[in-house]
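Chemist:
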Amino acid sequence: MRLAKLVSAVIHPPSVTALAIAVISSEYRLDAAAVAEALAFIAALPVAPVVASAASGRTDLNVSRREERPWYLAAALASYLVALALLDEVQPLARLARAYFMVTLGVLAASLRVKVSIHVAGLVGPTIALAIEAGAAHLLLLLLLPVVWWARLKLRAHSSRELALGAAIAALLTALSYML
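Be aware that the sequence shown starts at -2, since it is given in my numbering, and climbs by one per residue.
Below you can see the structure in the form of structure tokens.
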């Protein structure tokens, strides 16, 4: 159980997002201001309401109750829209923000009926984005998918169906976002 908690804490959507931003920024040699904006509006601020609510005891960091998720996902969507506006001139990061927006919108829609795995979506989506932006070798990050899948099952956070749905939504909508 401790290992599953550790996996879930380390391979968590904001950390994978920060990695994606760092790799894309390095690949395109982006300036520090754009990187800071991306880290703020794609990685940190989307989860800030969850962190604040967890600190006050209103929810847990995983927002385990499905019915609480739509509000937090809507707040994340707002942050991604700001990122899109701020990063309009920095296309690699704007494309990443668009992918996050589309995936989160898909997760929000599905979350009205089922508890989609944001951990899995948060690994699969950025991995697809990295493969598109910085090379197929980044698909090796998908080797972490069975580990995250196991951890979320072990913690009884999700069913296999919810995990698969997170992966499918993230893969399909990330790929679609890069075709637009």
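Just so you know, even glycine gets a beta-carbon here, dropped at the ideal spot from N, CA and C.
Quick check on this structure: which residue in Val111, Ala80 and Glu86 has the alpha carbon closest to the alpha carbon of alanine 229?
Modeler: Given a span of -2 to 177 for the chain in the structure shown, any question on residue 229 remains unanswerable.
Chemist: Considering only their Cβ atoms, is the gap separating glycine 163 from valine 100 smaller than 7 Å?
Modeler: Contact flag unset, no.
Chemist: Would you list, in sequence order, the uninterrupted alpha helix (DSSP H) runs of no fewer than 4 residues that lie entirely inside the region 18 to 83?
Modeler: As far as the region 18 to 83 is concerned, its whole alpha helix (DSSP H) runs of at least 4 residues are 29 to 35, 45 to 52 and 66 to 83.
Chemist: To the nearest angstrom, how far is it from the Cα of isoleucine 39 to the Cα of proline 143?
Modeler: Looking at the two C-alpha atoms, the distance is approximately 25 Å.
Chemist: Comparing alpha-carbon positions, which option in Leu0, Ser157 and Gln88 lies nearest serine 174?
Modeler: Taking only the C-alpha atoms, the option nearest serine 174 is Gln88.
Chemist: Where are the beta strand (DSSP E) runs, 3 residues long or more, that stay fully inside the region 78 to 152, in chain order?
Modeler: Runs of the beta strand (DSSP E) inside the region 78 to 152: none found.
Chemist: Locate the alpha helix (DSSP H) running through alanine 154, then write down its first and last residues.
Modeler: Element bounds for alanine 154: n/a, residue is neither H nor E.
Chemist: Which same chain residues end up closer than 7 Å to alanine 31 when comparing Cβ atoms and leaving out the 5 residues on each side of it in sequence?
Modeler: If we look at alanine 31 and ignore the five residues flanking it on each side, its Cβ neighbours are Leu84, Val87 and Leu90.
Chemist: Using the three-state DSSP reduction, which class does methionine -2 fall into: helix, strand or coil?
Modeler: Of the three classes helix, strand and coil, the one that applies to methionine -2 here is coil, per DSSP.
Chemist: Looking only at its own chain, which residues have a Cβ that is under 7 Å from the Cβ of serine 76, when we skip the five neighbours before and after it?
Modeler: Within the same chain, serine 76 has close Cβ partners Phe38, Leu42 and Pro43.
Chemist: Touching or not, the region 153 to 167 and the region 66 to 75, by the rule of three or more beta carbon pairs under 8 Å?
Modeler: Because the criterion of three Cβ pairs below 8 Å is not met, the region 153 to 167 and the region 66 to 75 do not touch.
Chemist: So which of Ile125, Leu136, Ala154 and Ala131 has the shortest CA-CA distance to alanine 178?
Modeler: The question about residue 178 has no answer, for the chain in this structure spans -2 to 177.
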